[in-house]
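**Student:** Each number in this note's numbering comes from the position in the sequence shown (counting from 1) with 20 added on.
Virtual Cβ for every residue (Gly too), placed ideally from N, Cα, C.
No experiment lies behind these values; they were computed from the predicted model shown.
This is the structure I want to talk about, given as structure tokens.
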Amino acid sequence: MIEDPHTKPMIGHAAVIKVPAVKNDGIATYGIDNSVDRLLPFQVRRVFYIFDTPSHAFRGGHSHFESHELIVALHGSFTVELYDGDRRLSQRLNKPNEGLFVPPGIWREMTEFTRGAVCMVLSSIEYSEDDYVRDYRKFLELTSCKRPWLPRKDIRF
Ligand code: TYD
């Protein structure tokens, strides 16, 4: 039985990962794969993207049991707020050649999008609603919240 990542201090594993570019005639191509250099600490099973975002867009507002993810700002920029029930991390993403690795067990919110920003997410699992914790109160219970943080998601206690 796999231990629930919500019970562990996961935020220390979150990291910005640089994506290497191949340049031809000044045009850069970025490739992310699971080959020898092990750029990613997980195997990619799914890619999804969010586009046409207005600047007031709010995305995320959940954690995962299993999904390891890499979040990339392919165009424009946005802020990713992470919280594991103890520590917080706020990371502005604004380059197509870097991604934020987010392991499971972490509440994430994406805010402050520039208009038309494009967010791409690589995930280690296929889509399953069962993998989501969307209820912030449940997240606080699962993490046995050590240091409280009030998310931007409109939570009414
Ligand atoms: P959600 O994960 O809540 O989006 P975000 O984290 O960007 O706020 O997903 C929004 C909707 O899209 C939800 O009904 C689930 C669905 N969905 C899929 O069908 N497949 C997917 O791969 C993803 C990420 C979401």
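Report buried or exposed for Val42, applying the criterion of at least 16 other Cβ atoms within 10 angstroms of its Cβ.
**Tutor:** Flag for Val42 reads exposed.
**Student:** How should Asp104 be labelled, buried or exposed, when 16 other C-beta atoms within 10 angstroms of its C-beta is the threshold for buried?
**Tutor:** It counts as buried.
**Student:** Mark Arg172 as exposed unless 16 or more other C-beta atoms lie within 10 angstroms of its C-beta, in which case mark it buried.
**Tutor:** Exposed, by the Cβ-count rule.
**Student:** Which residues end up in the neighbourhood of the ligand TYD when you take C-beta atoms closer than 6 angstroms to any of its heavy atoms?
**Tutor:** The filter returns Arg66, Phe68, Ile70, Arg79, Gly80 and Tyr147, in chain order.
**Student:** So, do the region 153–164 and the region 115–122 have three or more beta carbon pairs nearer to each other than 8 angstroms?
**Tutor:** No, they do not touch.
**Student:** Tyr50 lies in the beta strand (DSSP E); which residues open and close that run?
**Tutor:** That run of the beta strand (DSSP E) goes Ile47 to Tyr50.
**Student:** Using 10 angstroms around the beta-carbon of Thr134, count the other beta-carbons present and answer buried if the total reaches 16, otherwise exposed.
**Tutor:** By the neighbour-count rule (16 or more Cβ atoms within 10 Å), Thr134 is not buried but exposed.
**Student:** Which residues in the same chain as Ser148 place their Cβ atom closer than 6 angstroms to its Cβ, once the five residues preceding and following it in sequence are excluded?
**Tutor:** So no residue of the chain qualifies.
**Student:** Can you give me the start and stop residues for the alpha helix (DSSP H) that Tyr147 sits inside?
**Tutor:** Premise fails: Tyr147 is in no alpha helix (DSSP H) and is neither H nor E.
**Student:** Under the three-state reduction of DSSP, which class applies to Gly136: helix, strand or coil?
**Tutor:** Correct three-state label for Gly136: coil.
**Student:** Among residues of its own chain, excluding the 5 on either side of Met130, which ones have a beta-carbon nearer than 6 angstroms to its beta-carbon?
**Tutor:** Arg79, Gly80, Phe98 and Val100.
**Student:** Near Val36, what residues of its chain come up, given a Cβ to Cβ distance below 6 angstroms and the 5 sequence neighbours on each side ignored?
**Tutor:** If we look at Val36 and ignore the five residues flanking it on each side, its Cβ neighbours are Glu118 and Leu120.
**Student:** Taking Leu113 as the reference, give the member of Ile126, Val67 and Leu94 with the closest Cα.
**Tutor:** Closest option to Leu113, Cα to Cα, is Leu94.
**Student:** Using C-beta distances below 8 angstroms, list every residue in its chain close to Ser87, excluding the 5 sequence neighbours before and after it, in chain order.
**Tutor:** So the list reads Pro124, Ser143, Ser144, Ile145 and Asp151, once near-sequence residues are dropped.
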